[in-house]
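Enquirer:
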Amino acid sequence: MSSVKPTKITLTPAASNWFQTALELTPGNGIRFYGRVYGATNAHTGFSAAMSRCDYPTLPVVDEVIDGIHYYIQESDNWFFNGLDLQVDYDEQLDGPVYHFTPNDGSTLDARASASH
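So the number in the numbering used here is just where the residue sits in the sequence shown, counting from 1, plus 11.
#1: Would glutamate 86 pass as a contact of valine 73 if the rule is Cβ separation under 7 Å?
#2: Please go through the same chain and pick out, in chain order, the residues whose beta-carbon is closer than 6 Å to the beta-carbon of asparagine 40, but skip the five residues on each side of it.
#3: Three-state secondary structure (DSSP) at glutamate 35?
#4: Can you look up proline 24 in the DSSP assignment and give me helix, strand or coil?
#5: Thinking arginine 47 and tyrosine 83 are a contact (beta carbons under 8 Å), I'd like their distance in whole angstroms, please.
#6: Less than 8 Å between the CB atoms is what I'm expecting for asparagine 28 and phenylalanine 112, so what's the real figure, rounded?
#7: Do you know offhand how far glycine 57's Cα is from aspartate 78's?
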């Protein structure tokens, strides 16, 4: 029986700077990542990644602190991230974050099927 690894959240320096500047974050503040209906990611069909400012998480299962800011996933949102790591970057054209998922079990994603193998 294999255990599922917790999701790891990483941000590029540009993404970290965008969150702090655009959302006027200071150390101790928080960002919640979650899945929402519609859209797609490189790992999901019919769902897209989203975020919101939330300084007081309810039952966080992941809490990465980067530059003093808490980036977390709540227990109720873990279904979306289960078995995946989240990399967040900044897209200049969108002027906002972009999300990329990788399986945290060593497998790779089939981008067409949004499935790991």
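Here a beta-carbon is modelled for each residue, glycine too, at the ideal position from N, C-alpha and C.
Computed from a predicted model, the values in this text were never measured in an experiment.
Expert: With the structure as the only source:
#1: Between glutamate 86 and valine 73, the CB-CB gap reaches or exceeds 7 Å.
#2: Asp66, Ile80.
#3: Glutamate 35: coil per DSSP, three-state reduction.
#4: Judged by DSSP in its simplified three-state form, proline 24 adopts helix.
#5: Not a contact, Cβ separation roughly 16 Å.
#6: At roughly 22 Å, the Cβ-Cβ gap does not stay under 8 Å, so asparagine 28 and phenylalanine 112 are not in contact.
#7: Spanning the two alpha carbons is a distance of roughly 32 Å.
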